[in-house]
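The structure under discussion appears below in the form of structure tokens.
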Amino acid sequence: MKLGYTIIYVKNVPETVAFYEAAFGLTQRFMHESTLYAEMETGDTVLSFSAEEVIELDGLAFAPNEKSAIPAGWEICFITEDVPDAFEKALAAGCSPVSKPHEVPWGQTISYVRDLNGCLVEIATPMNLEG
Amino acid sequence: MRLPDGYQERVFTPQQARSVEAVWRHEELQAGRSLILPDGRCDVIVRYNADPMVVPRLVVSGPATQPYWVTFEAGDRWIGVRLRPERGGVLWGDDLGCAKDQVALEDEAEDLVPELAGLCVAGVSAKDLRQALVRFVEGRPLSPEGHRAGESVRRVHLTGGRFSVAELAARAGCSTRHLNRMFAGTVGLSVKTYASLVRFHRALRLVCEAGGSLSDAAFEAGYADQAHMTRAMRRFGGFVPSDIPEGLIRPDVSGGLWGNRAA
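Just so you know, the sequences run in chain order V and U.
If you're matching positions, the first sequence starts at 130 in our numbering and goes up one per residue.
If you're matching positions, the second sequence starts at 57 in our numbering and goes up one per residue.
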């Protein structure tokens, strides 16, 4: 099987799309006319946002993402060459800081923020994959 | 974060560090004093000196909830083992209930750990001390209740102390009263106190390393507001968030990859 989507359930889809455009420099690829679902331009593996209320259509339930609560045990990670710049831009757009840019022993620079819905977002330099 | 393939050093997580008893060593070349922050765990320590004529002293600490100063002379050395949080009961037995913030010395310490009593003689080598401490840990296995408590300790750390006692109990499949009884008999602290300590240490790290304001740190740590974080830092550290002491030693509950960072 192919990984199709990472879908984050949020309270307000258009607000989240605008936030991700401002905070992380993404662009919207698709917005459903109901505004209950949207996709960002992220290449083959789509980052989508779906309104929380949609899950009840299928009888699902989950712990909602909330800025004031502890985040869920997963993250999305954005790769960039200039992490400090991207970190500042994310904070300026309203992300809350969790771990400021710092180098890890294998030479990567990583940082963590939480987005407007409280989701964990990592901003890091590319992994050096050469042997 | 993505862990690298092919990177030589083994990644060693804080959870791994908490799950084994690690023998640690420390030495002070000059006289002075250090502020030790509480982390709710027990230590068995032998304190000696570079001067082999100084007789080693056995020190057994109960679960600490308050900061304390350790004063030392030039050449003072320590070798000790910091026990897993859920191991307090293995060390103190029926006395665990009175062990909070207590330190047992000399005869009292030797009563608690008779396996180590023979170490307090002049001229004993660091190697002997280390071996005795390792044997001591191996000789006292953890009870099933200790293992169960350890699972909740793990959850407290993963959630940064932000889960309520009710949520922790629900995930442990027991009542809050039962979880507190389990903690009382193994960790030696209430669930709430242990979680508060974990929350305090995370808040301290956020203040120093998150890259945001004090209010950001308080919120991310799970405090109702900055005033609550200030109160916790006063209680567990004796300082306020805006005035964290320079070079503060945080208890080494971190894993081996990043090491122990001073504030």
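Don't be surprised by glycine CBs; every beta carbon is placed ideally from N, CA and C.
In this text the structure is predicted, and so the values were computed from the model without any measurement.
Any C-beta of chain U under 7 Å from that of residue i
i: isoleucine 239(V); result: yes
i: proline 250(V); result: It is worth fixing the name first, because residue 250(V) is valine in this sequence and not proline. False, the Cβ-Cβ gap to chain U never drops below 7 Å.
i: proline 105(V); result: Residue 105(V) is absent from the structure shown; chain V starts at 130 and stops at 260.
i: methionine 256(V); result: yes
i: lysine 218(V); result: no
i: isoleucine 136(V); result: no
i: isoleucine 205(V); result: no
i: lysine 131(V); result: no
i: lysine 140(V); result: no
Cutoff 7 Å: residue i Cβ touching any chain V Cβ
i: methionine 238(U); result: no
i: glycine 268(U); result: yes
i: arginine 227(U); result: no
i: methionine 109(U); result: no
i: arginine 210(U); result: no
i: methionine 57(U); result: yes
i: alanine 272(U); result: According to the sequence displayed, residue 272(U) carries aspartate and not alanine. Chain V contact via Cβ: present.
i: threonine 215(U); result: yes
Between the CA atoms of residue j and residue i - distance to the nearest angstrom
i: cysteine 224(V); j: glycine 268(U); result: 10 Å
i: valine 247(U); j: arginine 218(U); result: 12 Å
i: histidine 231(V); j: glycine 216(U); result: 21 Å
i: methionine 169(V); j: alanine 198(V); result: 25 Å
i: asparagine 257(V); j: valine 175(V); result: 24 Å
i: glutamate 162(U); j: threonine 242(U); result: 24 Å
i: phenylalanine 275(U); j: aspartate 281(U); result: 6 Å
i: leucine 165(V); j: alanine 215(V); result: 28 Å
i: asparagine 246(V); j: glutamate 195(V); result: 5 Å
i: isoleucine 101(U); j: valine 146(U); result: 16 Å
i: phenylalanine 191(V); j: lysine 140(V); result: 13 Å
i: threonine 232(U); j: alanine 222(U); result: 6 Å
i: leucine 160(U); j: cysteine 176(U); result: Note that residue 160(U) corresponds to alanine in the displayed sequence, not to leucine. Looking at the two C-alpha atoms, the distance is approximately 15 Å.
i: glutamate 207(U); j: tyrosine 149(V); result: 37 Å
i: glycine 244(U); j: glutamine 122(U); result: 14 Å
i: histidine 161(V); j: proline 193(V); result: 21 Å
i: alanine 78(U); j: tryptophan 134(U); result: 13 Å
i: glycine 312(U); j: glycine 202(V); result: Because the pLDDT at glycine 312(U) is just 38, under 50, the model does not fix this residue reliably, and the value given afterwards should be weighed accordingly. C-alpha separation (whole angstroms): 22 Å.
i: tryptophan 148(U); j: threonine 286(U); result: 32 Å
i: aspartate 211(V); j: arginine 243(V); result: 19 Å
i: proline 143(V); j: glutamate 265(U); result: 32 Å
i: glutamine 86(U); j: tyrosine 279(U); result: 39 Å
i: threonine 135(V); j: glutamine 157(V); result: 15 Å
i: asparagine 105(U); j: valine 111(U); result: 8 Å
i: phenylalanine 239(U); j: leucine 132(V); result: 43 Å
i: histidine 203(U); j: leucine 224(U); result: 15 Å
i: phenylalanine 178(V); j: glycine 172(V); result: 15 Å
Delimiting residues of the alpha helix (DSSP H) encompassing residue i
i: methionine 289(U); result: 282-293
i: histidine 234(U); result: 232-242
i: glutamate 168(V); result: Segment 166-169 is the beta strand (DSSP E) holding glutamate 168(V); no alpha helix (DSSP H) there.
i: phenylalanine 148(V); result: 142-153
i: tyrosine 206(V); result: According to the sequence provided, residue 206(V) is cysteine. The question's tyrosine does not apply to it. From DSSP, cysteine 206(V) is part of no alpha helix (DSSP H) but of the beta strand (DSSP E) over 205-208.
i: alanine 173(U); result: Counting along the chain, alanine 173(U) falls outside any alpha helix (DSSP H), and DSSP gives it neither H nor E.
i: serine 252(U); result: 247-265
i: leucine 186(V); result: Leucine 186(V) -> no alpha helix (DSSP H), and no H or E assigned at all.
i: aspartate 272(U); result: 270-277
i: alanine 155(U); result: Segment: none, alanine 155(U) is in no alpha helix (DSSP H) and carries neither H nor E.
For residue i, the residue or residues it bridges with in DSSP
i: arginine 243(V); result: Ser225(V) and Leu249(V)
i: tryptophan 235(V); result: Tryptophan 235(V) is not bridged to any residue.
i: serine 177(V); result: Ile136(V) and Glu168(V)
i: glycine 88(U); result: Phe128(U)
i: glutamate 83(U); result: Arg133(U)
i: glutamine 157(V); result: Met169(V)
i: tyrosine 104(U); result: Arg133(U)
i: alanine 160(U); result: Val116(U)
i: aspartate 99(U); result: Ser117(U) and Arg138(U)
i: isoleucine 305(U); result: Ile92(U)
i: alanine 78(U); result: Arg138(U)
N- and C-terminal bounds of the beta strand (DSSP E) containing residue i
i: valine 126(U); result: 124-128
i: arginine 113(U); result: 113-117
i: alanine 182(U); result: That residue, alanine 182(U), is in no beta strand (DSSP E); its alpha helix (DSSP H) goes 182-195.
Residue i: contacting residues in chain C (beta-carbon distance under 7 Å)
i: arginine 218(U); result: Structure shown: chain C not included; protein chains present are V and U.
Validate contact between the region 240-260 of chain V and the region 142-156 of chain V using beta carbons, cut 8 Å, 3 pairs: Yes, the region 240-260 of chain V touches the region 142-156 of chain V.
Stretch pair the region 96-113 of chain U + the region 134-141 of chain U: three plus CB contacts closer than 8 Å: Yes, since at least three Cβ pairs between the region 96-113 of chain U and the region 134-141 of chain U fall closer than 8 Å, the two stretches touch.
The region 289-308 of chain U / the region 252-269 of chain U touching (three or more Cβ pairs under 8 Å): A contact exists between the region 289-308 of chain U and the region 252-269 of chain U.
Touch test, the region 80-87 of chain U against the region 193-201 of chain U, Cβ-Cβ under 8 Å, three pairs minimum: Contact between the region 80-87 of chain U and the region 193-201 of chain U is absent, because fewer than three Cβ pairs lie under 8 Å.
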